[in-house]
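Here the structure comes first, spelled out in structure tokens, and everything after it is commentary.
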Amino acid sequence: MKIRKDLKIGNLFPEFERRDQDGKTRILSELMQGWPTILIFWRGGY
Numbered sequence: 134m135k136i137r138k139d140l141k142i143g144n145l146f147p148e149f150e151r152r153d154q155d156g157k158t159r160i161l162s163e164l165m166q167g168w169p170t171i172l173i174f175w176r177g178g179y
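Numbering (my numbering), first residue to last: 134 to 179.
Quick look at the structure:
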């Protein structure tokens with residue numbers, strides 16, 4: 134497995150938007166609103 138060199142603790146995460154559980158489009162920076170944030174990703178379709 135190759136680890137990306139740009140994904141390191143403290144680096145800025147690129148802006149992105151996704152739909153939430155209600156179908157509303159959410160933008161990462163709006164959710165964070167300047168607060169420290171933890172993003173958790175998991176594989177779907179279990």
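Note that the Cβ used here is the ideal one computed from N, Cα and C, for glycine as well.
Beta-bridge partners of residue i, as assigned by DSSP
i: E148; result: DSSP output for E148 lists no bridge partner at all.
i: T158; result: R152
Cβ-Cβ distance between residue i and residue j below 9 Å
i: L140; j: E150; result: no
i: F146; j: L172; result: yes
Same chain, Cβ closer than 8 Å to residue i, five either side skipped, listed in chain order
i: R159; result: E150, R151, R152 and D153
i: E148; result: I160, L161 and S162
Beta-carbon proximity list for residue i, same chain, < 6 Å, skipping 5 on both sides
i: Q166; result: none
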